[in-house]
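Numbers 16 to 115, taken from this note's numbering, label the letters of the sequence shown in order.
Ideal placement from N, C-alpha and C gives every residue a C-beta, glycine not left out.
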Amino acid sequence: MSSDSVFLVYCELSGESPPLREEGFAGAFVTCLVLTEDISDAIQEARQILREDGYVIVDIDKALRFEPHEWTHDEDISTLADQVAKSAESAYSNFDVWGH
Numbered sequence: 016m017s018s019d020s021v022f023l024v025y026c027e028l029s030g031e032s033p034p035l036r037e038e039g040f041a042g043a044f045v046t047c048l049v050l051t052e053d054i055s056d057a058i059q060e061a062r063q064i065l066r067e068d069g070y071v072i073v074d075i076d077k078a079l080r081f082e083p084h085e086w087t088h089d090e091d092i093s094t095l096a097d098q099v100a101k102s103a104e105s106a107y108s109n110f111d112v113w114g115h
């Protein structure tokens, strides 16, 4: 039996990130959803996937374990968390961008 959980890692991204700069954005917030055993691994995984996708991280605001009963108000996050739990592939929430 796996003791992995889905974690939500809240990240602020720089406008210097090529994917954001190309679109003319000054920055963005995104939540990375990762399946892993503990919170430190979740943060490390989020940093890695963001870097691999060309994003420059300004800050990691917080990280927490996904608790389904606390997210009944947010169908998007709940659906993404279910997908991550089933596939074990990390995912991003929608990007909240600014400065366009």
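Closest Cα partner of residue i within the set the options
i	options	result
V24	E31, I54, L35 and R36	I54
I75	E27, S18, S20 and D19	E27
E82	S102, L50 and I64	L50
P33	R66, A100 and S108	R66
R36	G69, S105 and E60	G69
S108	F22, T46, G30 and E31	T46
S105	S29, G30, E31 and Q59	Q59
Whole-Å CB distance - residue i paired with residue j, under 8 angstroms assumed
i	j	result
R80	S20	5 angstroms
A118	A78	Nothing in the structure corresponds to residue 118, since the chain is present only between 16 and 115.
V71	E38	With 8 angstroms as the limit, V71 and E38 do not qualify as a contact, their Cβ atoms being about 14 angstroms apart.
One or two residues paired with residue i in a DSSP bridge
i	result
L42	Looking at the sequence shown, residue 42 is not Leu but Gly. In the DSSP output, where bridge partners are listed per residue, G42 has S29 and W113.
L50	V21
C-beta neighbour in chain D for residue i, strict 7 angstroms
i	result
D68	Protein chains in the displayed structure number just one, and chain D is not present.
Using 8 angstroms as the threshold, is the region 97-114 in touch with the region 41-57, meaning 3 or more CB pairs across them?
-> yes
Can you check the region 53-108 for any beta strand (DSSP E) of at least 3 residues that lies completely inside it and give the ranges in chain order?
-> 72-80
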